[in-house]
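Participant: If you scroll down you'll find the structure; I have some questions about it.
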Amino acid sequence: MTRSRFVCLGPLRRAAGERASKREHEVDYLLLQVLNGVQLGLLMFLLAAGLTLTFGIMDLVNLAHGSLYMMGAYIAWTLIGWTDSFMLGVLLALPATFLLGVVVEAAVMRRLYGRDHLDQVLATFGLILFFNELVRAVWGPAGKSISVPAFLARTVEILPGVPYPAYRFAIIVVGAAVAALLAWLVARTRLGMLIRAGASNRRMIGALGVNIELLFSLVFGLGAVFAGLAGLMAAPLSSVKIGMGDDILIVAFVIIVIGGIGSIKGAFVAAMVVGQIDIVGRAFLPDFLKTFLSTSAASSAAPAISQVLVYIVMAGVLVWRPTGLFGQRT
Amino acid sequence: MKSKLFGPATIAALVFGLQPVMAQTPIKIGFISTFSGSQAAIGEDMRRSVELAKEHLGGKMGGVPFEIVYEDDQFKPDVGKQKSEKLVQQDKVAVVAGYIWSNVLLASLKTVTDEGDTILISANAGPSQIAGELCNKNFFSTSWQNDQTPMAMGEYLNTKGVKSLYLMGPNYAAGKDMLAGVRRTYKGQIIGEDFTKWPDQLDFSAELAKIAAAKPDGIFIFYPGAHGVQFVKQWAQSGLNKTVPLYQVFSIDAITLPQQGELALGTLGAQEWVNDQPNEQNKRYVADFKKKHGVYPSYYGAQSYDAIMLIASAAEALKGDLSNKDKVRAELKKANFKSLRGDFKYNTNNFPIENFYIQETVKDPQGVMTVKTIATAVKDAKDSYYEKCPMK
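The listed protein sequences derive, respectively, from chains A and B.
Counting from 1, one number per residue, gives the positions in the first sequence under my numbering.
Counting from 1001, one number per residue, gives the positions in the second sequence under my numbering.
As structure tokens, then:
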């Protein structure tokens, strides 16, 4: 009797152990995918923050926001080459993109504030073409690449035995820090107060004697810095190339619509949601579809479905809350 | 009075009067590729090779000068179709060549070959449909059928004893063909497969995490141009380059290597042409290309060079007169030219019967990243669809 018990227990225990370790692996895998979603969401938040500010406060539809993302990456590539240091190049690229934003605002955007959205779309679409051609003339048609700095070109263990690319982790840290800074700026400073006031009622703050021109110029420059930061941080993951901001801009627009135009908090929440949706669509949807579709049908349907998932969510949010999750204007 | 003006004599005079002028009209060749946006570097490589072919031919085919009309498909099927239509209807070119992308080619095929009754020479894209049921007497390829290169890779992986594979590619016509190709020949276990959004997905973190969890013996990818750069970088950053080797088709080449750099060292790929092919015409092409542009040419360029040389061979045989389509088709079908990959014959569906090689990513003696041939994967390979083609 005792002996037979011994005989059974061995394999049983081993099986239980295997099951536990498999579950652990699944938890690790889930955590990795959540982190991937957060990292993606933070990058998109940086892009969406500037977009929602310009749209909400200046009532300006800026299609060329993606061009600032691209310019951030190209400027960083050049400065990293000159200084021979990733950090120095990045730190110099930020004020440079701010300056670029201010110049673009003064040269083009200022003329568009009073006009209707169609004119703005037309003019800023022209800016996209301008920047794409400018980049081709200055940097050539081939893409450039920025290497991950040596101290980040490795993996970190976020949990024992679970490696995560250090550079992606750094993006999460920087993205979160910038989000916190922005939250503080909007909620606690005078500039933030004006920004919030501008988002709720633009005409009124003008009437109250606020220097609108300076405010707009600052906000646009700030948006440019965030877009440039997103572009240069995304560059080592991908490559610096013409039109790199055009694809991601559409998602950024979806984010600000979901979050509510003009709301930084909304942009943050929506970016996180969109980041997770994207990862869920890629990481789990194919396996889920395979439970009732053939393998080949599932693997070609999954990317198509995950592509529209974001838009379905946007449509749902708009039905439920026509001004977006945190939208203020009616 | 009016009727007399356009009487037979006037028409005859006009026709005869025009003929000498006609003979001197240059041969017009249309060339469609991507010259703007993120994949412009591929188009540039093709254009440089076409220009080099023109230079090597002295600007003449069969004694008649020729000109190339370049059009940019902007990496979009609808634009590619529009530009093809413009080349055929407005420019009235004798041949339309080029086409990087299978989806662009599929959208443009009928416009050129049927509605325009014009010869189309694909210098890259080789969708399975055109090799099979959509095959066309006006269509010729100087590249391959999409499935073939990954099939060669699959054969090689069998001999190398790679036991399990994870497949990844973009979700469009060529991506599906490529993954189907490696599935057809690879005998090990395929433990995962992901199609990613094309062309807008540039982040592969979710898929790489899946690969890390699946622990395959190898990853097989098809990510052309800019996407190949992204994938290789992210594969290396995830640390998977230390545990899971990468096998690829069309993802690591002369266009992507300047950006992938040493991350790509040691990876293996399959190709029908490698820049170290030992024939004379290839040595001249590679040397002149490098002298002019300071970089290696890619297969995109080599296939484009071949497309021009193929047209030149027909023009040579017909003394520069490409007006009789039947004669032109018959001459093209002979493939009577010095291809950079060495001689090849056309199959019944007008796709080449050719060898495929395995290439390794290495540094050349000057320290420049490039690829070199290390093995022949398959010889005189025919594609898997030609029997479905009604042409015999």
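Think of the CB as a built atom: it goes at the ideal place given N, C-alpha and C, for glycine as much as any other residue.
#1: Quick check on A:T291: buried or exposed, where buried means 16 or more other Cβ atoms within 10 Å of its Cβ?
#2: Tell me the rounded alpha-carbon separation between A:A180 and A:V240.
#3: So which residues on chain A does B:A1206 lean against when the C-beta distance must stay under 7 Å?
#4: Determine the chain A residues that contact B:K972 at a beta-carbon separation under 9 Å, and present them in chain order.
#5: Going by beta carbon distance, what residues of the same chain come within less than 8 Å of A:V313, once the five residues before and after it are set aside?
#6: Specify, as a first and last residue, the run of the alpha helix (DSSP H) that B:F1195 falls within.
#7: When burial is assigned at 16 or more other CB atoms within 10 Å of the CB, is A:N211 buried or exposed?
#8: With C-beta atoms as the reference, is A:G223 less than 8 Å away from A:F45?
#9: Can you say whether B:M1022 is buried or exposed, counting buried as having 16 or more other CB atoms within 10 angstroms of its CB?
#10: Whose C-beta lies closer than 8 Å to the C-beta of B:D1306 among residues of the same chain, with five residues either side of it excluded?
#11: Could you list which residues in chain B have their beta carbon closer than 7 Å to that of A:P331, in chain order?
#12: Run the CB neighbour count on B:Q1201, radius 10 Å, all protein chains shown included, and call it buried at 16 or more, exposed below.
#13: Who are the neighbours of A:G243 on chain B, taking C-beta pairs under 7 Å?
#14: Would DSSP call B:V1064 helix, strand or coil?
#15: Helix, strand or coil for B:D1380? Go by DSSP, reduced to three states.
#16: Using the Cα positions of B:G1169 and B:Q1230, report the straight-line distance between them to the nearest angstrom.
#17: Excluding the 5 residues preceding and the 5 following B:K1388 in the sequence, name in chain order all residues of the same chain whose CB lies nearer than 6 Å to its CB.
#18: Put A:V102 into one of helix, strand or coil per three-state DSSP.
#19: Cα-Cα, which of B:K1334, B:I1100, B:I1042 and B:K1076 is closest to A:A397?
#20: Considering only C-alpha positions, which residue in the set B:I1353, B:L1322, B:V1050 and B:S1164 is nearest to B:A1214?
#21: Give me the subset of the stretch 1191-1204 of chain B whose CB atoms are less than 7 Å from a CB atom of chain A, sorted by chain position.
#22: For A:Y311, is the classification buried or exposed, using 16 other Cβ atoms within 10 angstroms of its Cβ as the cut-off for buried?
#23: Any beta carbon of chain B sitting closer than 8 Å to that of A:D247?
#24: Could you check what DSSP says for B:L1246 in three-state terms: helix, strand or coil?
#25: Go through its chain and collect everything with a Cβ distance to A:M87's Cβ below 8 Å, but skip five positions before and after it.
#26: Grab me the residues of B:M1061's own chain with a C-beta within less than 8 Å of its C-beta, minus the 5 sequence neighbours each way, in chain order.
#27: Suppose contacts are defined by Cβ-Cβ distances below 8 Å. Is B:G1030 in contact with B:D1072 by that definition?
#28: Among all the DSSP beta bridges, which residues are the ones paired with B:D1072?
#29: What does A:T155 touch in chain B if you count any residue whose Cβ is under 9 Å from its own?
#30: Restricting to runs no shorter than 4 residues, where is the alpha helix (DSSP H) found entirely within the stretch 185-254 of chain A?
#31: Residues of chain B with a CB under 7 Å from the CB of A:L40: which are they?
#32: Can you give me, in chain order, the residues of the stretch 131-144 of chain A that have a beta carbon less than 7 Å from any beta carbon in chain B?
#33: Starting from the N-terminal side, write out each stretch of the alpha helix (DSSP H) that is 4 residues or longer and does not extend beyond the stretch 27-107 of chain A.
#34: I'd like the ranges of any beta strand (DSSP E) spanning at least 3 consecutive residues and lying wholly in the stretch 1255-1334 of chain B.
#35: Residues bridged to B:G1098 by DSSP?
Facilitator: Result, derived from the coordinates:
#1: Flag for A:T291 reads exposed.
#2: Cα-Cα distance, rounded: 27 Å.
#3: Residues of chain A passing the Cβ test: Q33, N36, I279, R282 and A283.
#4: No answer is possible for residue 972 of chain B: the residues shown for chain B start at 1001 and end at 1392.
#5: I258, V273, V274 and I277, listed in sequence order.
#6: For B:F1195, no alpha helix (DSSP H) run applies; the uninterrupted beta strand (DSSP E) run containing it begins and ends at Q1189 to T1196, by DSSP.
#7: A:N211 should be labelled exposed.
#8: No, these two residues do not count as a Cβ contact at 8 Å.
#9: For B:M1022, the predicted model reports a pLDDT of 49, less than 50, meaning its position is unreliable; a value from the coordinates is still stated below. Burial call: exposed.
#10: If the five residues before and after B:D1306 are omitted, its C-beta is found closer than 8 Å to the C-beta atoms of A1123, T1142, F1337, S1339, L1340 and R1341, all from its own chain and listed in chain order.
#11: Residue 331 of chain A lies beyond the range of chain A shown here (1 to 330); nothing can be said about it.
#12: Within a 10 Å sphere around the beta-carbon of B:Q1201 sit 16 or more other beta-carbons, which makes this residue buried.
#13: Chain order gives the chain B residues near A:G243 as G1037 and S1038, where near means a beta carbon separation below 7 Å.
#14: In this structure, B:V1064 counts as strand in the three-state DSSP scheme.
#15: In the structure shown, the three-state DSSP call for B:D1380 is strand.
#16: In this structure, the straight-line span from the alpha carbon of B:G1169 to that of B:Q1230 is close to 13 Å.
#17: Excluding residues within five positions, the ones whose Cβ falls inside 6 Å are G1132 and E1133.
#18: Looking at A:V102 - three-state DSSP - the assignment turns out to be helix.
#19: Because chain A spans 1 through 330 in this model, residue 397 of chain A falls outside it and cannot be assessed.
#20: The closest CA to that of B:A1214, considering only B:I1353, B:L1322, B:V1050 and B:S1164, is found on B:S1164.
#21: Answer set for the stretch 1191-1204 of chain B: E1193, D1194, F1195, T1196, K1197, D1200, L1202 and D1203.
#22: Answer is exposed; the Cβ neighbour count stays below 16.
#23: For A:D247, the closest Cβ of chain B is nearer than 8 Å.
#24: Shown here, B:L1246 sits in a strand according to DSSP, grouped into three states.
#25: The residues are P149.
#26: For B:M1061, where only same-chain residues beyond five positions count, the Cβ hits under 8 Å are I1027, I1311, A1312, A1315, E1316 and G1320.
#27: Judged by beta-carbon spacing, B:D1072 lies beyond the 8 Å limit of B:G1030, meaning their Cβ atoms are not closer than that value.
#28: B:D1072 is bridged to B:S1033.
#29: Ordered by position in chain B, the residues that pass the 9 Å Cβ test against A:T155 are Q1237, S1238 and G1239.
#30: Counting only runs that start and end inside the stretch 185-254 of chain A, the alpha helix (DSSP H) elements of at least 4 residues fall at 190-200, 202-207 and 212-234.
#31: D1203, listed in chain order.
#32: Of all residues in the stretch 131-144 of chain A, only P141, A142 and G143 place a beta-carbon less than 7 Å from a beta-carbon of chain B.
#33: Runs of the alpha helix (DSSP H) spanning 4 or more residues and lying entirely within the stretch 27-107 of chain A occur at 65-83 and 86-107, in chain order.
#34: Within the stretch 1255-1334 of chain B, the complete beta strand (DSSP E) runs of at least 3 residues fall at 1268-1271.
#35: Beta-bridge pairing links B:G1098 to B:I1032 and B:S1122.
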